[in-house]
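Report on one structure; see the data block that follows.
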């Protein structure tokens with residue numbers, strides 16, 4: 001249920017997610033390894049007619065805790081007096097999916113205000129479209145998905161503010177997702193969530209029993225240059241172009257792998 005005014009049958013939109021029986025998610029966070037083993041079980045509470053799927057996640061608890069600690073280390077958490085929710089996207093941020101690359105290249109940073117307010121969603125979407133350039137036919141990155149967030153990227157929710165103090169690069173390998181950004185570009189704001197669900201469902205097709213590798217790297221140095229609109233670009237209103245150079249740090253030696261069961265997540269999808 002949405003909690004708003006009607007019930008949405010999510011199983012009509014995320015069938016490939018529901019069909020996942022096993023999946024391995026692993027990677028490194030700033031050199032710290034982690035892994036999760038997802039398994040699905042059909043369960044039914046005593047005295048209840050409806051059955052549901054329970055998704056069980058097993059992991060090496062100590063190893064994964066160290067990885068998540070590495071994720072929070074470059075984050076600076078503060079408070080603010082005002083009850084203000086916003087997101088600051090730094091100049092030079094980018095998202096590359098396959099041979100498509102979405103780059104934030106406007107002059108200065110992009111601040112999206114009142115992100116908790118549904119009425120402001122259209123304005124936020126329009127502001128993002130006006131601040132980016134979509135390039136197609138670019139050289140593929142080392143992984144199908146690559147995200148770069150410069151230091152200074154900020155998220156504020158109410159009185160809490162979290163700021164990224166080091167450049168971050170997130171990569172994902174194991175998904176077939178080429179063409180995703182073009183689809184989002186041609187989607188109206190009202191259909192953005194529905195389109196995102198459809199694309200997530202498509203990306204998970206054939207992932208049962210497979211491995212998804214997600215890595216996060218942090219670095220302290222990035223170079224910002226300049227560029228111009230080039231061939232194979234879809235140019236939205238923008239000004240300066242920005243690029244980044246990432247510096248990798250050698251990973252530490254892996255810790256012993258003694259897997260334990262950590263948590264259980266239940267699907268709300270009834271059968």
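Numbering (the working numbering), first residue to last: 1 to 271. Heads up, the beta-carbon is just placed ideally off N, CA and C, and yes, glycines get one too. Predicted model only: the values in this text are computed from it and were never measured.
Considering only the alpha carbon of each residue, which of the options lies closest to residue i?
i, options, result
"residue 104", "135, 84, 29", "135"
"residue 75", "170, 141, 197, 153", "153"
"residue 171", "25, 137, 62, 79", "25"
"residue 16", "100, 98, 29, 207", "207"
"residue 142", "150, 68, 175", "175"
"residue 220", "196, 202, 73, 213", "73"
"residue 173", "13, 132, 28, 20", "28"
"residue 109", "81, 13, 88, 124", "88"
"residue 180", "150, 164, 145", "145"
"residue 202", "183, 162, 90", "183"
"residue 151", "194, 167, 30", "167"
"residue 343", "194, 199, 37, 212", "Residue numbering for the chain in the displayed model covers 1 to 271; residue 343 lies beyond these limits and cannot be assessed."
"residue 82", "158, 194, 92, 215", "158"
"residue 200", "215, 211, 178", "178"
"residue 164", "90, 20, 198", "90"
"residue 162", "77, 20, 30, 71", "77"
"residue 13", "107, 194, 48, 71", "194"
Give me, in chain order, the residues of the same chain whose beta-carbon lies closer than 7 Å to that of residue i; leave out the 5 immediate sequence neighbours on both sides.
i, result
"residue 126", "none"
"residue 140", "98, 99"
"residue 211", "24, 26, 174"
Kindly list the residues whose CB is nearer than 6 Å to the CB of residue i, restricted to its own chain and excluding five residues on each side of it in sequence; keep chain order.
i, result
"residue 66", "32"
"residue 113", "86"
"residue 22", "39, 209"
"residue 95", "102, 147"
"residue 204", "16, 17"
"residue 120", "114"
"residue 71", "29"
"residue 214", "27, 172"
Identify whether residue i lies in helix, strand or coil by the three-state DSSP scheme.
i, result
"residue 10", "helix"
"residue 202", "helix"
"residue 42", "strand"
"residue 154", "strand"
"residue 126", "helix"
"residue 17", "helix"
Where DSSP assigns a beta bridge to residue i, which residues make up the other side?
i, result
"residue 77", "162"
"residue 172", "145, 214"
"residue 103", "94, 133"
"residue 82", "DSSP lists no partner for residue 82."
"residue 181", "Looking at the DSSP assignment, residue 181 forms no beta bridge with any residue, so it has no partner."
"residue 27", "34"
"residue 111", "88"
"residue 167", "219"
"residue 22", "39"
In chain order, what residues of the same chain have a beta carbon less than 8 Å from the beta carbon of residue i, not counting five sequence neighbours either side?
i, result
"residue 9", "none"
"residue 44", "50, 51, 52"
"residue 198", "13"
Our contact map puts residue i next to residue j with C-beta atoms below 8 Å; I'd like the distance itself, whole angstroms only.
i, j, result
"residue 79", "residue 160", "6 Å"
"residue 41", "residue 56", "6 Å"
"residue 156", "residue 84", "6 Å"
"residue 34", "residue 69", "With 8 Å as the limit, residue 34 and residue 69 do not qualify as a contact, their Cβ atoms being about 11 Å apart."
Less than 8 Å between CB atoms is the rule here; does residue i satisfy it with respect to chain D?
i, result
"residue 180", "Here there is only one protein chain, and chain D is not present."
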